[in-house]
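Only one structure is covered here, and it is reproduced in the block below.
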Amino acid sequence: MEQDSQIKQVFAKVSKLVSFCRKSTVATEVFSNELKLQMATCTRWNSQLMMMRSVLRISPEIWNKLDTPFKLKQYELITIKELCEILEPFEYVTIQIQGQNIVTSSLVVNCVRGLRSAFASLGEVYKSKLVSILQASIETRLTKFESTEEFQLAATSDPRYKLDWCHDNEVQDIRDLLTVK
747 MEQDSQIKQV FAKVSKLVSF CRKSTVATEV FSNELKLQMA TCTRWNSQLM
797 MMRSVLRISP EIWNKLDTPF KLKQYELITI KELCEILEPF EYVTIQIQGQ
847 NIVTSSLVVN CVRGLRSAFA SLGEVYKSKL VSILQASIET RLTKFESTEE
897 FQLAATSDPR YKLDWCHDNE VQDIRDLLTV K
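Residues 747 to 927 in my numbering are what the sequence shown spells out, letter by letter.
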């Protein structure tokens, strides 16, 4: 799992870089208000994604002004950018599903199918083991939610989706399910 260790090394280096910059008075002076670095937290997975994005938003010219022991190499910046692109579909689904004041059960089937579709496209762009592992994980962990009657009925009952989420061969089965319920 060479790629896995490379990703862990990049995560660790980015985390050290952000931590260093947040403690540095020179970095505070160099960064303007809109160029704040986001530190990852252990309670939210997407905080790592936000941290990587915050590092990417800083221009190379600004990084060059800082005397940091954690300078990112070009290949590391490319790795960070690719990781952000790969994790973006999960971030979108997380934001959709974690609504507190809205019903989210009708989103489950669409989100699972959206993730599957997004990773099929990402699999064409990035021929990496990480994308393959995430695709397999979507299949093994999330397919059960897609086929749960309650989530299918919720998606069908939602006026935004009705039967639009169904494949042609599923429409009659869902209609039958609605009739029975």
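Even for Gly, the Cβ is constructed at its ideal location relative to N, Cα and C.
Measuring alpha carbon to alpha carbon, tell me which residue in Met785, Ser770 and Lys769 is nearest Ala758.
Here residue 758 refers to the residue found at position 12 when the sequence shown is read from its first residue. Out of Met785, Ser770 and Lys769, Met785 has the C-alpha closest to the C-alpha of Ala758.
Counting beta carbon pairs with one atom in the segment 837–848 and one in the segment 800–820, are three or more of them shorter than 8 Å?
No, the segment 800–820 is not in contact with the segment 837–848.
My understanding is that Arg862 touches Ile884, with C-beta atoms under 8 Å, so please give their C-beta distance in whole angstroms.
On the sequence shown, position 116 is the one that residue 862 refers to. On the sequence shown, position 138 is the one that residue 884 refers to. About 6 Å separates the two Cβ atoms, so the contact holds.
For Asn792, I'd like the list of residues in its chain whose CB is within less than 7 Å of its CB, leaving aside the five on either flank, ordered along the chain.
The residue given as residue 792 occupies position 46 in the sequence shown. Glu837 and Thr840.
Can you list, in chain order, the residues of its chain with a C-beta nearer than 8 Å to that of Met796? Leave out the 5 residues immediately preceding and following it.
To locate residue 796, count along the sequence shown from 1; it is residue 50. Closer than 8 Å at Cβ, skipping near neighbours: Gln784 and Ala786.
Mark Thr902 as exposed unless 16 or more other C-beta atoms lie within 10 angstroms of its C-beta, in which case mark it buried.
Within the sequence shown, residue 902 is the residue found at index 156, counting from 1. It counts as buried.
Could you check where the alpha helix (DSSP H) with Tyr872 kicks off and where it finishes?
Looking up residue 872 in the sequence shown gives position 126. Per DSSP, Tyr872 belongs to no alpha helix (DSSP H) and is neither H nor E.
As an exercise, report each continuous alpha helix (DSSP H) stretch of at least 4 residues that is fully enclosed by the segment 785–816, in chain order.
Qualifying alpha helix (DSSP H) stretches, in chain order: 792–803 and 806–811.
Terminal residues of the continuous alpha helix (DSSP H) containing Thr894?
Residue mapping note: residue 894 aligns to position 148 of the sequence shown, counting from 1. Segment: none, Thr894 is in no alpha helix (DSSP H) and carries neither H nor E.
Using a Cβ-Cβ cut-off of 8 Å (strictly less than) and excluding sequence neighbours within five positions of Ile808, which residues of its own chain qualify?
On the sequence shown, position 62 is the one that residue 808 refers to. Result list for Ile808: Val776, Phe777 and Leu781, in chain order.
Between which two residues does the alpha helix (DSSP H) containing Cys830 stretch?
As a first step, residue 830 is located in the sequence shown; it is residue number 84 there, counting from the start. Taken as a continuous stretch (DSSP letters only), the alpha helix (DSSP H) holding Cys830 covers Gln820 to Ile843.
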